[in-house]
Every structure is written in C-alpha cells, then in structure tokens.
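**Student:** In the numbering used here, the protein residues as written are 11 to 304.
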Ligand SMILES: NC(=O)c1ccc[n+]([C@@H]2O[C@H](COP(=O)([O-])OP(=O)(O)OC[C@H]3O[C@@H](n4cnc5c(N)ncnc54)[C@H](OP(=O)(O)O)[C@@H]3O)[C@@H](O)[C@H]2O)c1
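This is the structure we're talking about:
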C-alpha cells in the first residue's frame, strides 16, 4: 500500500537494542511512534559481536537495513572508565568503524550514532554547544571512551565528504530510565544514587553521597530521548551532531551538599571523587543550537 503511494519502506536496524536507550526506543516505537512503512529490528551482542568486522558485515547483509540507529558501545560509570581507558578506546573504535563501514558498504541511507556529553573539552567556556566538541582534550578520567566517541564525528564527516553519506550523531545529556545500570561502581549517577538509597533504607545505614555537591548536570528521561531519536532519524538532515537535552532552565539537578555526611564517609583512597561531577567547576550546561533551528 505504502509502496503503491510512492513511499519507500524503511528497515531500521538499532544496534545496542537491549540497552537503556535501545529499550526505550523499542517501547516508544511499539506504543505509537512506529509507522506502517517502517520495520524496526533491534539487535544486541547476541546477534553479532560488533567488534568483529566479519560478524558486523554478516549482520548488515542479513537484515539489509535502509537506516541505522547505532547505540552499541562499551558503556560504564566513572570507576570502570578510569580503570579501563584502553579497553573503552579499542572496543568502541572497533565497533564504530565496523558499523559505519558496513553501513556504507550496504548502501544504508542514514545512520544516527550516539555521542555523549563527556566528549566535550574539559577546559571550556559555558554554555557548551555542538561546535565545541574538538576544541580541547576531554577530561583525563575517561579519555578512552571520549576520544572514541569523538572519532564518530570525524568518520561521519569523512563518509560525507568522500562518499556523500548522510551519517550523523546525537549528543544526549545524562540519560536515566527503565533498564538502567544500577551498579554502584560501574553504573551512572542517578541509578547509583537510587541503589544507595535503597540499601541505606533496607539496612538502616547512613547514606553516603560522593562528590562536593556543587556541580550541576542535565538529565533526560530515556523515553523522551527515544522520541527525539526517532525525530532525528526522520527529519534531521545535517552531518553535524545535534545535542538532545532538556531546555537550559528545566530539569537540572544538583546533589545537595551535606557537610556532616561528607565528613562521615570513607572515600576510596586513590580514586578521584566522582571525577565526572568534579570535572568542570559549576554547571555542565549545554545548549542545543541545532535543535532550536529545526
Ligand atoms: N546512558 C547514558 O547516560 C548515556 C549518555 C550519553 C550517551 N550514551 C550513549 O548511548 C548509547 C546507549 O547507551 P546505553 O546506556 O543504552 O548503554 P547500555 O545500556 O550499556 O547498552 C549497551 C548496548 O550495547 C550492546 N553492545 C555492547 N557491546 C557490544 C558488542 N561488542 N557487540 C554488539 N553489541 C554490543 C549491548 O548488548 P548486550 O545487551 O548484548 O550486551 C547493549 O545492547 C551508547 O552509545 C552510549 O555511549 C548513553
């Protein structure tokens, strides 16, 4: 029917389809965002190890996608990033190169990859916008993950310049939502805090919150991000990455400082205290220039 009317059906492959963001996209697509001319395929590492060029190519040849949302990545919280910078760099570079090159070879019309706010320069001016990604080194604590993410933008520009490909990327602020990683050491800040509160309540013990409490961050709910992802896939035609965030004056959240708690807590001796929170002084404040113009 859609073909008869001239609309070409889309087959959209979502890598990282079992993660926090991938499951949110699954949910919004299943509950109203999906269209009849779209077939959505969500894959995980069980379908293919994307660090392998052979497995990645086989996955693309099997599904023959016209569009790709590329979420798959080695993702972790602060401590895992500090411990494994080399692993984050190598695994993510391999995954991204395999996915983007397979997409090119299979004639995919559009790829939307996922960057992260921690890729921005450590020393910068605020507010941050999309033009500032490569203006200086990222924070040293997670340089492996950050540089690997930045290279997606470099590759997207290369594929456009050499082959005319419409490969782009989004930059979401911190994401939270169902299916998050609640591991205290290796997960993200909000689920980590929820887990700590749960344990403190269950055990009747003191609640320890890392950090000074001064920096502030922007957060986006995974289902809101999922809807924006679908919009970017359908409507955003630029190669330049686009920040997906709440408006500057909405939804910012601060860890309140409590000096008594801070004195009471036992901090890991060698590790920086919540370096992502202390990696910039004050607010990590992003504005989405591109989104405003659309
Ligand atoms: N969460 C955040 O706050 C946040 C913020 C900004 C940007 N991002 C970006 O958003 C994207 C999704 O993040 P997320 O939080 O949803 O991640 P996640 O929950 O950790 O999920 C990671 C996904 O990647 C897949 N994956 C990992 N290694 C793979 C491999 N070698 N081959 C194939 N698949 C592999 C996993 O599959 P399995 O389930 O099979 O392991 C899983 O589906 C990532 O690119 C991340 O960098 C996340």
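Every residue gets a Cβ at the ideal spot worked out from N, C-alpha and C, and that includes glycine.
Everything numeric in this text was worked out from a predicted model, so none of it was measured.
1) Where does residue 25 sit, in a helix, a strand or coil, going by DSSP?
2) Have a look at the DSSP bridge pairing and note the partners of residue 201.
3) Is DSSP giving residue 159 helix, strand or coil here?
4) Within a Cβ cutoff of 8 Å, which residues of the same chain sit near residue 266, ignoring the five residues on either side of it in sequence?
5) Does the Cβ of residue 82 have 16 or more other Cβ atoms within 10 Å, making it buried, or fewer, making it exposed?
6) Can you determine whether any heavy atom of ligand 1 sits closer than 8 Å to the C-beta of residue 186, and answer yes or no?
7) Could you pull the start and end residues of the alpha helix (DSSP H) that residue 39 belongs to?
8) When we look at the beta-carbon of residue 172 and count the other beta-carbons within 10 Å, is it buried (16 or more) or exposed?
9) Thinking C-beta only, is residue 36 closer than 9 Å to residue 127?
10) Following a CB-centred definition, is residue 182 positioned closer than 8 Å to any heavy atom of ligand 1?
11) Any heavy atom of ligand 1 closer than 8 Å to the beta-carbon of residue 28?
12) Would residue 97 and residue 154 be called neighbours here (beta carbons separated by less than 9 Å)?
13) Taking the alpha-carbon positions, what's the residue 208 to residue 199 distance?
14) Rounded to whole angstroms, what is the Cα-Cα separation between residue 178 and residue 94?
15) Quick one: grab the DSSP three-state call for residue 179.
16) Less than 8 Å between C-beta atoms, sequence neighbours within five positions excluded: which residues of the same chain meet that for residue 217?
17) Might you give, ordered along the chain, the residues of its own chain that have their beta carbon closer than 8 Å to the beta carbon of residue 170, omitting 5 neighbours on each side?
**Tutor:** Taking the structure as given:
1) Locating residue 25 in the chain shown gives position 15, where the first residue counts as 1. Strand.
2) If you number the chain shown from 1, residue 201 lands on position 191. None, per the DSSP bridge assignment.
3) One-based indexing of the chain shown puts residue 159 at position 149. Residue 159 falls in the helix class under three-state DSSP.
4) Within the chain shown, residue 266 is the residue found at index 256, counting from 1. Here residue 266 scores only 34 on pLDDT, less than 50, and its place in the model should not be relied on; the value that follows carries that caveat. Result list for residue 266: 223, in chain order.
5) Position 72 of the chain shown, counted from the first residue, corresponds to residue 82. Here residue 82 is buried. Its C-beta has 16 or more other C-beta atoms within 10 Å.
6) Sequence index remark: in the chain shown, residue 186 carries index 176 (1-based). Checking the 8 Å criterion, the Cβ of residue 186 is within range of a heavy atom belonging to ligand 1.
7) Reading the chain shown from its first residue, position 29 is the one you call residue 39. Where residue 39 is concerned, there is no enclosing alpha helix (DSSP H), given that its DSSP letter is neither H nor E.
8) For the purposes of this step, residue 172 is identified with residue 162 of the chain shown, where counting begins at 1. Under this definition residue 172 is an exposed residue.
9) Taking the first residue of the chain shown as position 1, residue 127 is located at position 117. Taking the first residue of the chain shown as position 1, residue 36 is located at position 26. No; because the gap between Cβ atoms is not below 9 Å, this pair is not in contact.
10) Within the chain shown, the letter at position 172 stands for residue 182. Yes.
11) On the chain shown, position 18 is the one that residue 28 refers to. Yes, the Cβ of residue 28 comes within 8 Å of a heavy atom of ligand 1.
12) Within the chain shown, the letter at position 87 stands for residue 97. Within the chain shown, the letter at position 144 stands for residue 154. Yes, the pair counts as a contact, with Cβ atoms nearer than the cut-off.
13) By one-based count along the chain shown, residue 208 stands at place 198. By one-based count along the chain shown, residue 199 stands at place 189. Rounded to whole angstroms, residue 208 to residue 199 spans 14 Å at the Cα level.
14) By one-based count along the chain shown, residue 178 stands at place 168. By one-based count along the chain shown, residue 94 stands at place 84. Distance between the alpha carbons of residue 178 and residue 94: 27 Å.
15) As a first step, residue 179 is located in the chain shown; it is residue number 169 there, counting from the start. Reduced to three states, the DSSP call for residue 179 is strand.
16) Here residue 217 corresponds to residue number 207 of the chain shown, with the count starting at 1. Contacts found: 206, 207, 210, 271.
17) Here the question's residue 170 lines up with position 160 in the chain shown. Hits under 8 Å: 176, 177, 249.
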